[in-house]
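Asker: If you read the sequence shown in the working numbering, its first letter stands for residue 9, the second for the next number, and so on.
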Amino acid sequence: MNPWNTRFQEESYVYGTEPNVFLAEMQRKFPLSGDALAIAEGEGRNAVFLAEQGMNVSAWDYAESGLLKMNKLANSRGVRVDTKLVDLNEAVWKQNKWDEIVCIFGHFPEVLRKKTLQGVKESVKPGGYFITEVYSHYQIPYNSGGPQNLELLYKPEEFLNVFSDWRIVHFFMGEVVRHEGDLHNGLSHVIQFVGQKTE
Numbered sequence: 009m010n011p012w013n014t015r016f017q018e019e020s021y022v023y024g025t026e027p028n029v030f031l032a033e034m035q036r037k038f039p040l041s042g043d044a045l046a047i048a049e050g051e052g053r054n055a056v057f058l059a060e061q062g063m064n065v066s067a068w069d070y071a072e073s074g075l076l077k078m079n080k081l082a083n084s085r086g087v088r089v090d091t092k093l094v095d096l097n098e099a100v101w102k103q104n105k106w107d108e109i110v111c112i113f114g115h116f117p118e119v120l121r122k123k124t125l126q127g128v129k130e131s132v133k134p135g136g137y138f139i140t141e142v143y144s145h146y147q148i149p150y151n152s153g154g155p156q157n158l159e160l161l162y163k164p165e166e167f168l169n170v171f172s173d174w175r176i177v178h179f180f181m182g183e184v185v186r187h188e189g190d191l192h193n194g195l196s197h198v199i200q201f202v203g204q205k206t207e
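#1: Shortest alpha-carbon distance to I112 belongs to which of N151, N79, V100 and D69?
#2: Which of helix, strand or coil does DSSP assign to F30?
#3: With DSSP run on the structure shown, which of helix, strand or coil describes Y137?
#4: Exposed or buried, what is V185 when buried is set at 16 or more other beta-carbons lying within 10 Å of its beta-carbon?
#5: Determine, using beta-carbon pairs with one atom in the region 81–90 and one in the region 109–128, whether at least three such pairs fall under 8 Å.
#6: If L81 sits next to G114, beta carbons under 8 Å apart, how far is it from one beta carbon to the other, in whole angstroms?
#7: Where does the unbroken beta strand (DSSP E) through T91 begin, and where does it stop?
#8: Are there three or more Cβ pairs, one per stretch, closer than 8 Å when the region 132–140 is compared with the region 185–204?
#9: How many angstroms separate the CA atom of E188 from the CA atom of R15?
#10: Going by DSSP, name the residue or residues bridged to E188.
#11: My output table needs one value for S84: the three-state DSSP class, helix, strand or coil.
#12: Around the C-beta of L93, are 16 or more other C-beta atoms found within 10 angstroms, so that it is buried, or is it exposed?
#13: Are the beta-carbon atoms of L161 and H145 separated by less than 7 Å?
#14: Leaving aside the five residues before and after G42 along the sequence, list all residues of the same chain whose C-beta is less than 6 Å from its C-beta, in chain order.
Right, dumping it as structure tokens:
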């Protein structure tokens, strides 16, 4: 049973329909264009936002109900998102494929997390960007969202080690306030990373 497929079956958008604040800030800061991929994208708020900024957007999630809501949201905003049902355990990462990859609060077991970050690294084009905001391993006591399982939360060195040969444009670990639907609410402890592939 896929708990995310069940969660996204309700009519309301559990994380809202507006993009993640950090993603929106970064997207407006950098002159990004071309092909974007949003992974673990859920109900589509961030993918639809990227499409509204003129990107050619693909979105992966393994909850079919989320993808259906994503298409509905895209249609209501007059944009198109190419949705694909993808289990990241089986994802095929094509070399130098994407101008931008985005992962907002995509949380996975450690082995899959490492595999996914390596896939991202291979699949971003030279000059392209990876943008992510996720809950850090300090998040659990904040009780404002995210998994209550330490293994699913990130440590800063995961990004700094994997992307050590990239240009790190932005890195932050600390407290932010997030109000994203019913499930991300209040003071939170996050990691933000923006990296540019240099070659």
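Glycine included, C-beta positions come from ideal geometry on N, C-alpha and C.
Answerer: Taking the structure as given:
#1: D69
#2: helix
#3: strand
#4: exposed
#5: Too few Cβ pairs lie closer than 8 Å, so no.
#6: Incorrect: roughly 18 Å between the Cβ atoms, too far for contact.
#7: V89 to L93
#8: Contact between the region 132–140 and the region 185–204 is present, because at least three Cβ pairs lie under 8 Å.
#9: 15 Å
#10: Beta-bridge pairing links E188 to H192.
#11: helix
#12: exposed
#13: For L161 and H145, yes; Cβs fall inside 7 Å.
#14: D107
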